[in-house]
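In our numbering, the protein residues as written are 48 to 171. Note that the Cβ used here is the ideal one computed from N, Cα and C, for glycine as well. All values derive from a computational prediction rather than experimental measurement. See structure below.
Spelled out as structure tokens, the structure:
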């Protein structure tokens, strides 16, 4: 049998704060044993398990791997607005006049991720 991805791990400066952000983004849950100030925090959500680990070095370059999020119950633009309200920042707006394209955001520690159109928007 091949290996399975158990979780995706993020090095960060504040594990609990970053986990709180991503739990809200993914409508997930922070582990029952995780609290502010802990060196690690685990988020479980449908389709993903994310582990956040506090490290001393700061992020210095663009991510080599990132998430592409596809909203399930709202439009891409509604999701972008929701994520900005949660504390994300706009990195790049790649939306096109025909409705295609994506938006690149960064989480509260500067990790980039993209928001694509929903399945409903793609079907239109």
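Going by the DSSP bridge assignment, what does residue i pair with across the sheet?
i: residue 98; result: 56, 89
i: residue 131; result: Its beta-bridge partners do not exist; DSSP assigns none.
i: residue 115; result: 161
With 16 other CB atoms within 10 Å as the buried threshold, where does residue i fall?
i: residue 144; result: exposed
i: residue 56; result: exposed
i: residue 152; result: buried
i: residue 118; result: buried
i: residue 169; result: exposed
i: residue 90; result: buried
i: residue 81; result: buried
i: residue 158; result: buried
i: residue 111; result: exposed
i: residue 120; result: exposed
i: residue 165; result: buried
i: residue 126; result: buried
i: residue 102; result: exposed
Name the two residues that bound the continuous beta strand (DSSP E) containing residue i.
i: residue 160; result: 159 to 162
i: residue 140; result: 136 to 140
i: residue 153; result: 150 to 153
Looking at the unbroken alpha helix (DSSP H) that takes in residue i, where does it start and where does it end?
i: residue 167; result: 166 to 170
i: residue 108; result: Run containing residue 108: none; DSSP gives neither H nor E here.
i: residue 68; result: 62 to 73
Our contact map puts residue i next to residue j with C-beta atoms below 8 Å; I'd like the distance itself, whole angstroms only.
i: residue 68; j: residue 133; result: 6 Å
i: residue 59; j: residue 99; result: 5 Å
i: residue 85; j: residue 71; result: Wrong, their Cβ atoms sit about 18 Å apart, outside the cutoff.
i: residue 123; j: residue 150; result: 7 Å
i: residue 78; j: residue 88; result: 7 Å
Heavy atom of the ligand ATP less than 7 Å from the Cβ of residue i, yes or no?
i: residue 123; result: Among the ligands in the structure shown, none appear at all, so the ligand ATP cannot be discussed.
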